[in-house]
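Asker: Before I ask anything, here is the structure I am working with.
4 protein chains.
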Amino acid sequence: MDYYYGPGRNHLFVPGPVNIPDPVIRAMNRNNEDYRSPAIPAMTKTLLEDVKKIFKTTSGIPFIIPTTGTGAWESALTNTLSPGDRTVSFVIGQFSLLWIDQQQRLGFNVDVVESDWGQGANLDILASKLAEDTAHTIKAVCIVHNETATGVTNNLAKVRKILDDYSHPALFLVDGVSSICALDFRMDEWGVDVALTGSQKALSLPTGMGIVCASPKAIEASKTAKSFRVFFDWKDYLKFYSLGTFWPYTPSIQLLYGLRAALDLLFEEGLENVFARHARLGKATRLAVEAWGLKNCTQKEEWFSDTVTAVVVPPYIDSAEIVRRGWKRYNLSLGLGLNKVAGKVFRIGHLGNLNELQLLGCLAGVEMILKDVGYPVKLGSGVAAACAYLQNNTPLIVSRV
Amino acid sequence: MDYYYGPGRNHLFVPGPVNIPDPVIRAMNRNNEDYRSPAIPAMTKTLLEDVKKIFKTTSGIPFIIPTTGTGAWESALTNTLSPGDRTVSFVIGQFSLLWIDQQQRLGFNVDVVESDWGQGANLDILASKLAEDTAHTIKAVCIVHNETATGVTNNLAKVRKILDDYSHPALFLVDGVSSICALDFRMDEWGVDVALTGSQKALSLPTGMGIVCASPKAIEASKTAKSFRVFFDWKDYLKFYSLGTFWPYTPSIQLLYGLRAALDLLFEEGLENVFARHARLGKATRLAVEAWGLKNCTQKEEWFSDTVTAVVVPPYIDSAEIVRRGWKRYNLSLGLGLNKVAGKVFRIGHLGNLNELQLLGCLAGVEMILKDVGYPVKLGSGVAAACAYLQNNTPLIVSRV
Amino acid sequence: MDYYYGPGRNHLFVPGPVNIPDPVIRAMNRNNEDYRSPAIPAMTKTLLEDVKKIFKTTSGIPFIIPTTGTGAWESALTNTLSPGDRTVSFVIGQFSLLWIDQQQRLGFNVDVVESDWGQGANLDILASKLAEDTAHTIKAVCIVHNETATGVTNNLAKVRKILDDYSHPALFLVDGVSSICALDFRMDEWGVDVALTGSQKALSLPTGMGIVCASPKAIEASKTAKSFRVFFDWKDYLKFYSLGTFWPYTPSIQLLYGLRAALDLLFEEGLENVFARHARLGKATRLAVEAWGLKNCTQKEEWFSDTVTAVVVPPYIDSAEIVRRGWKRYNLSLGLGLNKVAGKVFRIGHLGNLNELQLLGCLAGVEMILKDVGYPVKLGSGVAAACAYLQNNTPLIVSRV
Amino acid sequence: MDYYYGPGRNHLFVPGPVNIPDPVIRAMNRNNEDYRSPAIPAMTKTLLEDVKKIFKTTSGIPFIIPTTGTGAWESALTNTLSPGDRTVSFVIGQFSLLWIDQQQRLGFNVDVVESDWGQGANLDILASKLAEDTAHTIKAVCIVHNETATGVTNNLAKVRKILDDYSHPALFLVDGVSSICALDFRMDEWGVDVALTGSQKALSLPTGMGIVCASPKAIEASKTAKSFRVFFDWKDYLKFYSLGTFWPYTPSIQLLYGLRAALDLLFEEGLENVFARHARLGKATRLAVEAWGLKNCTQKEEWFSDTVTAVVVPPYIDSAEIVRRGWKRYNLSLGLGLNKVAGKVFRIGHLGNLNELQLLGCLAGVEMILKDVGYPVKLGSGVAAACAYLQNNTPLIVSRV
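Chains as they are written, first to last, in the UniProt record's numbering: chain A, 1 to 401; chain B, 1 to 401; chain C, 1 to 401; chain D, 1 to 401.
Below is the structure:
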């Protein structure tokens, strides 16, 4: 029994959890198995090897943890830092805010760098903090690659450059929850020490896996980090890695098979093609927003996110009503505005396993909803703008025959 | 292993097989069972009772046959007619043509009434034939409710009226393959003697069930009909109905559960709402075609089909290229033009479990393909026209909470 | 909603439909697709090629028909014979009886050769009939390879030998419904002209595919055979084979993917290993029956079937009660006795995707049911006998790592 | 692609993860959804209400946490205790040992009470500790209801009685991972303060949910407990409960639907019937072990577990070889001996959605493996003993028609 039903498909455009490809749903459609048989370790070995590719790392060590993104955050922090440690962290929206809240609750001393919601992390302040910190009291710079609440992408290469400019040894911890597998992410090149994502985002799986990747420097830090941790302790994983049985506690058999299938699809399409597809759909979405005469919550092009677009509605409209109506009338799931931007923005997630016509159906739906709630949109305008771009830029995609 | 893969969903807009609702896919995701256990007859009883509702009959007897629409045709004909029998049948497109071909191969003497492909059945000729046939040599009038190749819907109430006007006792046999469960169909009211459909059409199941419903008069006719038949013989079904075990040979367990789920969804939505949804999506499609400046293959509004629209392309375009390109570039499946209209039309199926945004995604795709192949379409125009209509006419659909 | 529920798995031991392997269930867990896209013909080509392997033919032409075994029978007969044609056919149980009934209803002149139910086909009578038939009035010898109702396997090599001994040109038509993919079947070597099976038997799929394979001689015969046929006409298939689109009417997308997966599993295990596994499980079952002190319905070892065992119960027990009780008490599905042996035998199907412990669970269940219904079985005796054999004869089976 | 394949089903008899019922697999066979739509909270409300029933509590507050049993432990401990707190905890096998290890790593001061592996918790020592502790320095008594490594069930009613005898206010924390939904568990009656289980055990779901239930006293304790916790903090859940949106971070949509289906099945069967079924299968297993002449690792009947039986092998046999061989030869998954009993015991899990014939198949398999590895078992003996018991004690189970 489902708890809702509308004819036809649900159009899932929240920025997570996202659409699961059918081959992945099929791969997970199975009974449990003994995870101590020879089969599961054999598969796990391939998963750990292949997961590194989505982080673009060869030296990192991945941990596939039965948890959510929030748990992955905690794993990243508690394994590398000690209570009282100073971190620099940036509030640019609800998820970066929640991560900082976690950092504070874990007892770190957080230098909170605030920006307007709709701007990227203020890296000038980072630079000045690092410049001042000749004593290296800053133990970690924590940053969200892509803020899911506002659709803002931070420039990680620049963060690395600033760290390098000041030869600062702080750990570089990155939340890649709504970026990894959708936006180009280069762990090794950017010297990221811990990167993490969640299965229900661009990997296009169900929720349930927090995937964390640690650089050798992070692994080294974990040996002295004093934060309390048991469930999230990397040590337990490393012990079972060396035993060749891999799992300190029971993994989800279904998610392992799902991850295997998801990675296979990503590699078959080609990671760079996946990024290009996200760029294409992101651009098309922004062109539609522009055509509707609405503002992108993200204030500058340099921060535009190719995985989620937060659309600012006029003051006389409650963006939550747009989301409600989309669901009830068109079986369309859009993202709510959160916290500071609640009621002010709605969000279109365009990440994960998605194609042009799915997005165009969503955009057409948004147009009708806008009209429903009294915004004087010209019907078809956003779709026209998106089509004009997509028709020129979409490659031939269907393959295998 | 699939034999093709493109990122995101396939957009399935051929006029059959159509999209299967997820709850139905779930219901069929199962092992085989003993069909002679008490469970399967118990379920079958509900199916036979409920299937009558989709034909709008109380006196008809349904047969759920493990076959396709072609087999259902053969079941309808061979059980009610004898070799040499005279039938009147109408060619208005490829499927009505194939049915006539079958009638001829089965040895009937067919009065073939031809119309332009794009017109409905010529009922004036029917009237004159019946008028002349005072000896009642015509044993059956065979008509396709909805011609899937051209998107033409015939007026069955009018056929009945003509039969009544001449008090003609001919059997009234109807192919409802692409109409039943999508267009209003009234077996009892229209005095239809045999009606039939296939599971992969508006029932939104996989292929594999030919569902035939026979009036008491048709059952009576079957007692003397001399056409050879064994697999398709209703007698075997009737025998097992009276035994309470229902199946003369092994049914597909999966399709039985699927049919149960499909009927449940149809009744939850409400058959009249289902028809209204098809009318809405059909109208939206036709408005888009008009906005593109293209012609509907169907020549008059009275014949417009709410389940499939055949779109005529300009002579300098090969419609097959539109279909090919849709599949390769946008993961969109459109219907080819068949036989006389091959290369000249492509078809948009808008039947089965489908909603507004799915259709709008398809229409946006068609616009881009039209541009791809050199037709000077104004991008967004069709979607705009469809949206303008849909935004005013779509009810709140998502329910259960 | 299921129509029954017991905790744990259903133990499916009817001789069809049989257990579907999980990878096959997964492969079929999918939406519909356009069968006219490039993907489906590409897959179909591999299916037609690979299906020949299960018949052990290189020269035969297979037809994958959306029907059941009964339909496959009709396809075999109507494509090769004409009304009035003389056939020789053998009654050895309910299914051979039904096939003869079909032959008679199709208008053939059938020489019915009867045997006790529990014996194989009387091939001496065949020999004498062929000897007498110097005028070659016998057009076909029709025989069931494995009679599912009694668990009797006929010797097809011997049939061929008799045909050859008399240089008789009659067509050799074989029902391999409960044998092909389980028992060794050699179409080319045995000169079989039409062989057929159903998807729900040893192929371990849902019901819905009748698979028929025709020798060049049978194809030749089809050009002059005068039986009425339309749906079952090979001609339509051959036309679409030459077009490269393969399907004269809509196939079940799900069954195509299922067949692909089922064949892959069979070839991975190896057909000869599959036969050996069936031989092993058949032998184990017979040893259990013997240990229980019950009689096999099959009277001689030369006819013992490795796919189904019909067990004779003492006269004071109604075998139908055994089946009923198995289902209600132990979630075990056994086969009923049919027609002449109704109430007298129950059947254990041991064909398809099955292994040792599944069978042993079934045998243990049968022992408890026998006790339930008052038969003085020694609990554990049948399992002990089966185990003693299996423990010595089961190879290491689990692979891939 | 699976990483192993053997013909027929895998026989899953590890004590977790256990077999998932087909209706639950079906319920989880779905795409993601927006968990902020009205549908998911509506379903969640029913889940939270119904989950209380499996704990037999009306006053407890449940938390459904995206984690494993290990995480559920951590949630129970960190929310109710502070670093330095004194706990009493019992080692009776590997899992109780791991829980104590966690307690120590979390900084508690654990009074470890050891027993032989194969004995229950030494409650006399608990009594004496409580007697001495007039200052109430003991903050919690932590006990595993059922030790999965040895198949030992502790008497929780007795623990409560001892606490009451000494009017000791210590919290009563219970790991019910391999008991809840299989063994009778009475949270309110026994005054349990925190009880927990994991989805992959008797609930018969995939891994991924740690389900924790807190008494009002535990909730009160959580307000002052000083253990570091963020991901596992109940406070976040309570906040979202009061908001009516329920989830502080993304839940697994699939597991929610799976839990709904699993609870529905449990309630349909009836919890007391579920317990009786486990008792029946546990007893049958022990009778088989006895018949084989082998020892149960559990030393006294009062501790016999109805969810898992650890079987002691003779010294000349390596129990790991039994497990390996079961998997490779019979597609049977048994549990390894862990830690102190590695190589000495193998384990048969008989919990979750399981029936008689499944267990009997497993027992027959174990007999053959025992023979394989050189133990002089009498084939059939264990099955005979189990059948003799089951045949007298199994109710009619299959229902709905």
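Note that CB positions come from ideal geometry on N, CA and C, so glycine has one too.
Use the C-beta contact count for residue 403 of chain D: other C-beta atoms within 10 angstroms, 16 or more gives buried, fewer gives exposed.
Answerer: Absent from the model: residue 403 of chain D. The displayed extent of chain D is 1 to 401, so no value can be given.
Asker: Answer yes or no: do T78 of chain D and S227 of chain D have a C-beta to C-beta separation smaller than 8 Å?
Answerer: Yes, the Cβ-Cβ distance between T78 of chain D and S227 of chain D is below 8 Å.
Asker: Determine which residues of the stretch 318 to 331 of chain C have a Cβ less than 7 Å from any Cβ of chain D, and write them out in chain order.
Answerer: Result list: W327, K328, R329, Y330 and N331.
Asker: Which of the three DSSP states, helix, strand or coil, is assigned to R324 of chain B?
Answerer: In this structure, R324 of chain B counts as helix in the three-state DSSP scheme.
Asker: Going along the chain, which residues of the stretch 238 to 254 of chain B sit with their C-beta nearer than 9 Å to a C-beta in chain C?
Answerer: Against chain C - using a Cβ distance shorter than 9 Å - the residues of the stretch 238 to 254 of chain B are P248, Y249, T250, P251, S252, I253 and Q254.
Asker: Does DSSP classify F228 of chain A as helix, strand or coil?
Answerer: Coil.
Asker: Which chain C residues sit within Cβ distance under 9 Å of D264 of chain A?
Answerer: In chain order: nothing, as chain C lies at least about 15 Å away.
Asker: Could you tell me if A157 of chain B is buried or exposed, where buried requires 16 or more neighbouring beta carbons within 10 angstroms of its beta carbon?
Answerer: Exposed, by the Cβ-count rule.
Asker: Using only the alpha-carbon positions, how far apart do T153 of chain A and G93 of chain A sit?
Answerer: Between T153 of chain A and G93 of chain A, the C-alpha separation is close to 11 Å.
Asker: Whole angstroms are fine: how far does the CA of V113 of chain A sit from the CA of N122 of chain A?
Answerer: In a straight line, the C-alpha of N122 of chain A is about 7 Å away from that of V113 of chain A.
Asker: Per DSSP, which residues does Y5 of chain C bridge with? Please list them.
Answerer: Y5 of chain C is bridged to D:S399.
Asker: So R186 of chain D contacts chain B; which residues on that side make the cut at Cβ distance below 8 Å?
Answerer: Within chain B, no residue comes near R186 of chain D; the closest Cβ sits about 33 Å away, beyond 8 Å.
Asker: For Y316 of chain D, does the count of other Cβ atoms within 10 angstroms reach 16, so buried, or fall short, so exposed?
Answerer: It counts as exposed.
Asker: Using beta-carbon positions only, say whether G71 of chain A and F185 of chain A come within less than 8 Å of one another.
Answerer: No, they are not a contact pair.
Asker: List the residues that DSSP assigns as beta-bridge partners of P62 of chain A.
Answerer: According to DSSP, which records beta bridges pairwise, P62 of chain A is partnered with A:C213.
Asker: Give me whichever residues DSSP pairs with G198 of chain D in a beta bridge.
Answerer: D:G210, per the DSSP bridge assignment.
Asker: Mind listing, in chain order, the continuous alpha helix (DSSP H) runs of no fewer than 4 residues lying wholly within the stretch 23 to 102 of chain C?
Answerer: Listed in chain order, the complete alpha helix (DSSP H) runs (minimum 4 residues) inside the stretch 23 to 102 of chain C are 39 to 55 and 69 to 80.
Asker: Would a check of beta-carbon distances place D22 of chain D closer than 8 Å to chain B?
Answerer: Interface residue, yes.
Asker: Just how far apart, CA to CA, sit N339 of chain D and V274 of chain A?
Answerer: Distance between the alpha carbons of N339 of chain D and V274 of chain A: 46 Å.
Asker: Scan the stretch 201 to 215 of chain A for residues whose Cβ lies nearer than 7 Å to a Cβ of chain D and list them as they occur along the chain.
Answerer: Answer in chain order: P206, T207 and G208.
Asker: Is S305 of chain A helix, strand or coil when you go by DSSP?
Answerer: Coil.
Asker: Going by DSSP in three states, C142 of chain C sits in which element: helix, strand or coil?
Answerer: Strand at C142 of chain C.
Asker: Taking one C-beta from the stretch 320 to 337 of chain D and one from the stretch 161 to 178 of chain D each time, how about it: are there three or more such pairs within less than 8 Å?
Answerer: Touching, no, given that fewer than three Cβ pairs across the two stretches are closer than 8 Å.
Asker: For L396 of chain C and A276 of chain C, what's the separation of their Cα atoms in angstroms?
Answerer: Straight-line Cα distance between these residues: approximately 13 Å.
Asker: Curious, which full-length alpha helix (DSSP H) runs of at least 4 residues does the stretch 119 to 192 of chain A contain?
Answerer: Qualifying alpha helix (DSSP H) stretches, in chain order: 123 to 132 and 156 to 165.
Asker: Quick one: what does DSSP say K371 of chain A is sitting in, helix, strand or coil?
Answerer: Here K371 of chain A sits in helix by DSSP.
Asker: Could you tell me which of D:R36, D:V366 and D:A195 sits nearest to S333 of chain D, measuring between CA atoms?
Answerer: When each option's Cα is compared against that of S333 of chain D, the closest is D:V366.
Asker: Tell me, please, whether the CB atom of N29 of chain A is closer than 8 Å to any CB atom in chain C?
Answerer: Closer than 8 Å: yes.
Asker: Give me the chain C residues within the contact set of M43 of chain D, using Cβ-Cβ distance strictly less than 9 Å, ordered along the chain.
Answerer: Neighbours of M43 of chain D on chain C: none; closest Cβ ~17 Å, over 9 Å.
Asker: Is there a Cβ of chain A sitting closer than 8 Å to that of F228 of chain D, yes or no?
Answerer: F228 of chain D counts as touching chain A.
Asker: Using the Cβ count rule (16 or more neighbours within 10 Å means buried), how would you classify D34 of chain A?
Answerer: Answer is buried; the Cβ neighbour count reaches 16.
Asker: My parser needs the alpha helix (DSSP H) runs of 4 or more residues fully inside the stretch 228 to 299 of chain D; what are they?
Answerer: For the stretch 228 to 299 of chain D, whole alpha helix (DSSP H) runs of length 4 or above, ordered along the chain, are 234 to 243, 253 to 269 and 271 to 291.
Asker: Would you mind reading off the limits of the beta strand (DSSP E) that contains S333 of chain C?
Answerer: Per DSSP, S333 of chain C belongs to the beta strand (DSSP E) from L332 to L334.
Asker: How big is the Cα-Cα spacing for I64 of chain C and T197 of chain D?
Answerer: If I take the Cα positions, the gap works out to 50 Å.
Asker: One question on the structure: do N355 of chain B and G349 of chain A come within less than 8 Å of each other, judged by their Cβ atoms?
Answerer: Cβ atoms of N355 of chain B and G349 of chain A: not closer than 8 Å.
Asker: Give a yes or no on whether the minimum CB-CB distance between N393 of chain D and chain C is below 8 Å.
Answerer: No, N393 of chain D lies away from the interface with chain C (no Cβ there is under 8 Å from its Cβ).
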